[in-house]
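Peer 1:
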Amino acid sequence: MISSPPSLYVHVPFCSGKCAYCNFYSVLYDTDLAGRWLAALEREMEMARQRVAFDSVRTVYFGGGTPSVLNAVQLARLLSIVASRLDPGQIAEVTIEANPGTLTPEKLSLMKEHGVTRISFGAQTFQDRVLPALKRRHLARDTRDSIRQAREAGFENLGLDLIAGLPGVPMELWRADIREALSLAPAHISVYALTIEASSEFARWLQSGLIRIPDDDTMLAYLSEAEQILCSAGFERYEISNYASNRRYCLHNLNCWRGLEYVGFGPAAASRLGQLRWCNRPSISQYIESLESGNPPPRDEETVDASVDCAERLVFAFRISEGVDMENVPSASPEQKSAWLRTLNRLAGEGLVERNGNRWRLTSFGTRFADFVASELFSS
Numbered sequence: 458m459i460s461s462p463p464s465l466y467v468h469v470p471f472c473s474g475k476c477a478y479c480n481f482y483s484v485l486y487d488t489d490l491a492g493r494w495l496a497a498l499e500r501e502m503e504m505a506r507q508r509v510a511f512d513s514v515r516t517v518y519f520g521g522g523t524p525s526v527l528n529a530v531q532l533a534r535l536l537s538i539v540a541s542r543l544d545p546g547q548i549a550e551v552t553i554e555a556n557p558g559t560l561t562p563e564k565l566s567l568m569k570e571h572g573v574t575r576i577s578f579g580a581q582t583f584q585d586r587v588l589p590a591l592k593r594r595h596l597a598r599d600t601r602d603s604i605r606q607a608r609e610a611g612f613e614n615l616g617l618d619l620i621a622g623l624p625g626v627p628m629e630l631w632r633a634d635i636r637e638a639l640s641l642a643p644a645h646i647s648v649y650a651l652t653i654e655a656s657s658e659f660a661r662w663l664q665s666g667l668i669r670i671p672d673d674d675t676m677l678a679y680l681s682e683a684e685q686i687l688c689s690a691g692f693e694r695y696e697i698s699n700y701a702s703n704r705r706y707c708l709h710n711l712n713c714w715r716g717l718e719y720v721g722f723g724p725a726a727a728s729r730l731g732q733l734r735w736c737n738r739p740s741i742s743q744y745i746e747s748l749e750s751g752n753p754p755p756r757d758e759e760t761v762d763a764s765v766d767c768a769e770r771l772v773f774a775f776r777i778s779e780g781v782d783m784e785n786v787p788s789a790s791p792e793q794k795s796a797w798l799r800t801l802n803r804l805a806g807e808g809l810v811e812r813n814g815n816r817w818r819l820t821s822f823g824t825r826f827a828d829f830v831a832s833e834l835f836s837s
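For the sequence shown, our numbering begins at 458 and goes up steadily by one.
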């Protein structure tokens, strides 16, 4: 059966180096390796025609890794490989992630020509003494320059990512980071709480006592401060970690949080089509060699039962401020929906969720305990 997903993701697995906190799959950028990867990606997408109707795609997201680390010729080829399979009249958004300092005027012009509508810059912090310690390869001025250059190239839908709780960024500097981000007038700001991933360099530094990270109460204070400053500046917190100005949401991520289908390409890319889930294995060598041999990339695949599928959709939807219309939410059975409603009523009594008609959502207090709410709903 051919599926018609509204969202498409491409994992570009290259970086100029590994950041100390990062756990996403990536390898060091190499021009020749990137050329082979692009050829393999084209083969993977061609094979996918047997199960995916590309003309249904409305949002595209190029993540990584660092898509902007590709040279101009390779970036143009990447965008062409994807765009050539889509219906341009259906596309509402094309996002590309970029690191400050990696987008030249030539690359920006090519992106504009190939239909990119949105750029998300990984600023993380504006503290120049902290950025090198994170193994970032840019300084604050690079972020400012990148935003300016993107605007000069005609891009207005620009986003910035910040990380709360970084070592060496106390509250007063965190406030300065948020205000610096606001001074650049982006359409979108993402605020992620620092998490220590087991395979990251941060995890080793923490274990050896080289760094300290905030406790839960301190982290909540950082996130609350961000919410207060951003909302006072007119931004809307439309998802737990995401703020938008003038309703300029990330449509691709909204689709995923609403439980819609998506298909992913590239090593480590995940897909969700109905009850089918699969994830390409995080190995660029296996990915390229398999596709060069005429075979699909190695992947881990499973089909979940209807109750799990419905529970996943419900839990994701509670991340967004619009919440969930329980009258229309898909459920595997009347019993499953009844169990969810009992759980929601209990959580409402604890001040974690609230109801407006048939629609339920997290309270402001509840956003601090979103993982707990998700766990309670999933186990209902």
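For glycine and all other residues, C-beta sits at the position ideal for the given N, C-alpha and C.
Going by beta carbon distance, what residues of the same chain come within less than 8 Å of Asn-712, once the five residues before and after it are set aside?
Peer 2: Stepping through the sequence shown from its first residue, residue 712 is reached at position 255. Result list for Asn-712: Pro-463, Ser-464, Arg-515, Thr-516 and Tyr-719, in chain order.
Peer 1: For Leu-565, does the count of other Cβ atoms within 10 angstroms reach 16, so buried, or fall short, so exposed?
Peer 2: As a position in the sequence shown, residue 565 is number 108, starting the count at 1. By the 10 Å Cβ count, Leu-565 comes out buried.
Peer 1: Quick check on DSSP: helix, strand or coil for His-571?
Peer 2: As a first step, residue 571 is located in the sequence shown; it is residue number 114 there, counting from the start. Here His-571 sits in coil by DSSP.
Peer 1: Tell me, please, which residues DSSP counts as bridged to Cys-713.
Peer 2: On the sequence shown, position 256 is the one that residue 713 refers to. Answer by DSSP bridge pairing: none, since Cys-713 is not bridged.
Peer 1: Where do the N-terminal and C-terminal ends of the beta strand (DSSP E) with Asp-618 fall, by residue?
Peer 2: As a first step, residue 618 must be located in the sequence shown, where it is residue number 161. Segment 615-621, the beta strand (DSSP E) holding Asp-618.
Peer 1: Just verifying my parser: in three-state terms, what is the DSSP assignment at Asn-802?
Peer 2: The residue labelled residue 802 in the question sits at position 345 within the sequence shown. Correct three-state label for Asn-802: helix.
Peer 1: What are the start and end residues of the beta strand (DSSP E) that includes Ile-553?
Peer 2: Sequence index remark: in the sequence shown, residue 553 carries index 96 (1-based). Looking at the DSSP string, the run of the beta strand (DSSP E) that includes Ile-553 is 550-555.
Peer 1: When you compare only the Cα positions, how much space is there between Ser-747 and Pro-755?
Peer 2: Numbered from 1 along the sequence shown, position 290 holds the residue referred to as residue 747. Numbered from 1 along the sequence shown, position 298 holds the residue referred to as residue 755. Rounded to whole angstroms, Ser-747 to Pro-755 spans 7 Å at the Cα level.
Peer 1: Quick one, are the C-beta atoms of Ala-683 and Val-626 less than 8 Å apart?
Peer 2: The count along the sequence shown starts at 1 and reaches residue 683 at position 226. The count along the sequence shown starts at 1 and reaches residue 626 at position 169. For Ala-683 and Val-626, no; Cβs fall outside 8 Å.
Peer 1: Using three-state DSSP, classify Ile-459 as helix, strand or coil.
Peer 2: Taking the sequence shown and counting its residues from 1, the one referred to as residue 459 is at position 2. Three-state DSSP puts Ile-459 in coil, outside helix and strand.
Peer 1: Can you tell me whether DSSP reads Glu-563 as helix, strand or coil?
Peer 2: To locate residue 563, count along the sequence shown from 1; it is residue 106. If DSSP states are grouped into helix, strand and coil, Glu-563 belongs with the helices.
Peer 1: For Ser-702 and Gly-691, what's the separation of their Cα atoms in angstroms?
Peer 2: Position 245 of the sequence shown, counted from the first residue, corresponds to residue 702. Position 234 of the sequence shown, counted from the first residue, corresponds to residue 691. Spanning the two alpha carbons is a distance of roughly 7 Å.
Peer 1: What ranges does the alpha helix (DSSP H) occupy inside the stretch 631-711, keeping only unbroken runs of at least 4 residues that lie completely in it?
Peer 2: For the stretch 631-711, whole alpha helix (DSSP H) runs of length 4 or above, ordered along the chain, are 658-664 and 673-689.
Peer 1: Please list, in chain order, all residues of the same chain as Asp-782 whose beta carbon is under 7 Å from its beta carbon, the five residues on each side excluded.
Peer 2: The residue given as residue 782 occupies position 325 in the sequence shown. Answer for Asp-782: Asn-815 and Arg-816, listed in chain order.
Peer 1: Count Cβ pairs between the stretch 584-598 and the stretch 532-540 that sit closer than 8 Å; are there 3 or more?
Peer 2: With a cut-off of 8 Å, the stretch 532-540 and the stretch 584-598 do not count as touching, because too few Cβ pairs lie within range.
Peer 1: According to DSSP, is Asp-602 helix, strand or coil?
Peer 2: Against the sequence shown, residue 602 aligns to sequence position 145. DSSP places Asp-602 in helix when its eight states are reduced to three.
Peer 1: Along the chain, where does the beta strand (DSSP E) that runs through Thr-488 open and close?
Peer 2: Position 31 of the sequence shown, counting from 1, holds the residue named residue 488. Element bounds for Thr-488: not the beta strand (DSSP E) but the alpha helix (DSSP H), 488-504.
Peer 1: Which residues in the same chain have their Cβ closer than 6 Å to the Cβ of Ser-778, if we skip the five residues on either side of it in sequence?
Peer 2: Residue mapping note: residue 778 aligns to position 321 of the sequence shown, counting from 1. Excluding residues within five positions, the ones whose Cβ falls inside 6 Å are Tyr-695.
Peer 1: Do Ala-642 and Asn-614 have their beta-carbon atoms positioned less than 8 Å apart in this structure?
Peer 2: Stepping through the sequence shown from its first residue, residue 614 is reached at position 157. Stepping through the sequence shown from its first residue, residue 642 is reached at position 185. Cβ atoms of Asn-614 and Ala-642: not closer than 8 Å.
Peer 1: May I have the straight-line CA-CA distance separating Gln-743 from Gly-546, to the nearest angstrom?
Peer 2: Within the sequence shown, the letter at position 286 stands for residue 743. Within the sequence shown, the letter at position 89 stands for residue 546. Approximately 35 Å, taken between the alpha carbons.
Peer 1: Just reading off the beta strand (DSSP E) that Asp-766 is part of, what are its end residues?
Peer 2: As a first step, residue 766 is located in the sequence shown; it is residue number 309 there, counting from the start. From DSSP, Asp-766 is part of no beta strand (DSSP E) but of the alpha helix (DSSP H) over 763-774.
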